[in-house]
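A.B. asks: Submitted below is the structure of interest, expressed as structure tokens.
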Amino acid sequence: MKYFEDIAVGERASLGHHTFTAEEIKSFAAQFDPQPFHMDEAAAAASPYGALMASGWHTIALWMRHAMRYRQAEDEAARARGEPLAELGPSPGFRDLKWLKPVYVGDTITFASEVVELRPSKSRPKWGLMFSRNTGTNQAGDLVISFIGSALVERRPGG
């Protein structure tokens, strides 16, 4: 992870993509969001959605998996270059979570993150707050999820 001072508003990361299958949609729903339109094709066809669709929480969980894989790869590359790594602290939370369009079987969602605000922490001088607009876009270019996430990022020592 870069130090807080080395991050710029507008930095964008393409985190990767995922194609949703019926099996994984049903499996996730059975464990975490057991609504009929996530678990049964006939019930989904009779719903306002018209077909089996992924839970919004499933889509968010996959965004997180891709974000962590991206961060791990970035950290490994920085280590290989001999660069020091900042600590990524906990997230104080998120806001403005929106499920904008259904995610159906066969949809490929591309996940991204863009830094939208940086603010030094007033209560924790070792840390800065980074706010990111996080998104998922389907193969047709439609935004399907969007939220603003926040994280504490270590400030450069002596900075």
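The sequence shown begins at 11 in the working numbering and counts up one residue at a time.
In this text, a Cβ means the ideal position worked out from N, Cα and C, and glycines have one as well.
Note that the structure is a prediction, hence the values are computed from the model and not measured.
CB residue 160 to CB residue 139, shorter than 7 Å?
C.D. replies: One-based indexing of the sequence shown puts residue 160 at position 150. One-based indexing of the sequence shown puts residue 139 at position 129. In this structure, residue 139 lies closer than 7 Å to residue 160 by Cβ.
A.B. asks: In three-state DSSP terms, what is residue 56?
C.D. replies: Position 46 of the sequence shown, counted from the first residue, corresponds to residue 56. Residue 56 falls in the helix class under three-state DSSP.
A.B. asks: Closest to residue 67 by C-alpha separation, out of 97, 108, 99, would be which residue?
C.D. replies: Along the sequence shown, read from residue 1 onward, the residue named residue 67 stands at position 57. Of the listed residues, the one whose Cα sits closest to residue 67 is 108.
A.B. asks: Measure from the alpha carbon of residue 78 to the alpha carbon of each residue in 34, 106, 56, 26, then state which is nearest.
C.D. replies: On the sequence shown, residue 78 is found 68 positions in, with the first residue counted as 1. Of the candidates 34, 106, 56, 26, the one whose C-alpha sits nearest the C-alpha of residue 78 is 26.
A.B. asks: Reducing DSSP to helix, strand and coil, say where residue 66 ends up.
C.D. replies: On the sequence shown, residue 66 is found 56 positions in, with the first residue counted as 1. It is helical.
A.B. asks: Could you check how far apart the C-beta atoms of residue 126 and residue 158 are, in whole angstroms? I think they sit under 8 Å.
C.D. replies: As a first step, residue 126 must be located in the sequence shown, where it is residue number 116. As a first step, residue 158 must be located in the sequence shown, where it is residue number 148. Right, the Cβ-Cβ distance comes to about 7 Å (below 8 Å), so this counts as a contact.
A.B. asks: Contact between the region 45 to 59 and the region 96 to 111 is defined here as three or more beta-carbon pairs at a separation below 8 Å; is this criterion met?
C.D. replies: These segments do not touch.
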